[in-house]
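S.K.: First residue of the sequence shown? That's 150 in the numbering used here, and the numbers climb one at a time after it.
The structure follows.
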Amino acid sequence: QNIDCIARMPCHTDTISKSGCLLTCLSMLGLRTPAEMNIFLGDSSFTENGQLYWNEAAKKLGWVYEGDRTGLSDIEIADLICQYFVIARVRTAKEHFVVATGHMIDPTRGTCRITIADPASPGKRYLDEYPLLRIHLYKP
């Protein structure tokens, strides 16, 4: 389904498909479409510039926002995935978010790799395909 409705962005000039990777990540975890999540969260969950109020979104979803973390190894992130919904902020040409969905041991590398759901690039399957900036944790 192609979702192309207005996101919470300045002057409503951007669409969810263009600038809504974080909203789409929340949608994946909250079992709603991005359009439904946008309406469900409402204006009070976003700043005037379209940035998410992490705690406010958590309250509305019935979750607890446990903050963000930096400098974690893949093994540490894998442990957190068992306890939390994990949304990773990664470095691209602009701010981007992906959902950490699980982990696997790569037999060729012999290392732990974090699997992801990427709203913008379905071909990207692992967190290490991006430079990681931080992870955000939600307790369902």
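Every residue, glycine too, gets a C-beta built ideally from N, C-alpha and C.
(1) Where Lys288 and Ile265 are concerned, what is the direct C-alpha to C-alpha distance, given to the nearest angstrom?
(2) For Ile305, tell me which candidate among Asp192, Asn204, Ile224 has the shortest Cα-Cα distance.
(3) Would you list the one or two residues that DSSP bridges to Phe189?
(4) Around the C-beta of Gly191, are 16 or more other C-beta atoms found within 10 angstroms, so that it is buried, or is it exposed?
(5) The beta strand (DSSP E) with Glu215 in it runs from where to where?
(6) Kindly indicate which three-state DSSP category Ala156 falls into: helix, strand or coil?
(7) How many whole angstroms separate the CB atoms of Ile284 and Ala237, which I take to be in contact at a CB cut-off of 8 Å?
(8) Rounded to the nearest angstrom, what separates Arg262 and Phe189 at their Cα positions?
(9) To the nearest angstrom, how far is the alpha carbon of Gly179 from that of Glu197?
(10) Arg240 and Pro280 look like a contact to me (Cβ under 8 Å); what is the Cβ gap, rounded to whole Å?
(11) Which one of Met177, Thr260, Leu201, Val235 has the shortest CA to CA distance from Gly249?
(12) In whole angstroms, what is the alpha-carbon distance linking Thr182 and Trp212?
(13) Buried or exposed: where does Ser194 fall if 16 or more other Cβ atoms within 10 Å of its Cβ makes it buried?
M.R.: Let me spell this out:
(1) Position 139 of the sequence shown, counted from the first residue, corresponds to residue 288. Position 116 of the sequence shown, counted from the first residue, corresponds to residue 265. Approximately 18 Å, taken between the alpha carbons.
(2) With the chain covering 150 to 289 only, the question about residue 305 has no answer from this structure.
(3) Your numbering for residue 189 matches position 40 in the sequence shown. For Phe189, which the question treats as bridged, DSSP gives no partner whatsoever.
(4) Residue numbering aside, residue 191 sits at position 42 when the sequence shown is read from its first letter. Under this definition Gly191 is an exposed residue.
(5) In the sequence shown, the residue the question calls residue 215 occupies position 66. Note, Glu215: beta strand (DSSP E), 213 to 218.
(6) Residue mapping note: residue 156 aligns to position 7 of the sequence shown, counting from 1. Here the model assigns Ala156 a pLDDT of 39, short of 50, so the residue's position is not dependable, and the following value carries that caveat. Coil, per DSSP.
(7) The residue given as residue 284 occupies position 135 in the sequence shown. The residue given as residue 237 occupies position 88 in the sequence shown. Their Cβ separation, rounded to whole angstroms, is 5 Å, which keeps Ile284 and Ala237 in contact under 8 Å.
(8) Here residue 262 refers to the residue found at position 113 when the sequence shown is read from its first residue. Here residue 189 refers to the residue found at position 40 when the sequence shown is read from its first residue. The straight-line gap from Cα to Cα measures roughly 33 Å.
(9) The residue given as residue 179 occupies position 30 in the sequence shown. The residue given as residue 197 occupies position 48 in the sequence shown. Spanning the two alpha carbons is a distance of roughly 23 Å.
(10) As a first step, residue 240 is located in the sequence shown; it is residue number 91 there, counting from the start. As a first step, residue 280 is located in the sequence shown; it is residue number 131 there, counting from the start. Yes, they are in contact, since the Cβ atoms of Arg240 and Pro280 sit about 4 Å apart, within 8 Å.
(11) Position 100 of the sequence shown, counting from 1, holds the residue named residue 249. Here the sequence assigns Ala to residue 249, which means Gly is not the residue at that position. When only C-alpha atoms are compared, the closest one is Val235.
(12) In the sequence shown, residue 182 corresponds to position 33, counting from 1. In the sequence shown, residue 212 corresponds to position 63, counting from 1. Answer to the nearest angstrom: the Cα atoms are 18 Å apart.
(13) Translated into positions along the sequence shown, residue 194 becomes position 45. Result: buried.
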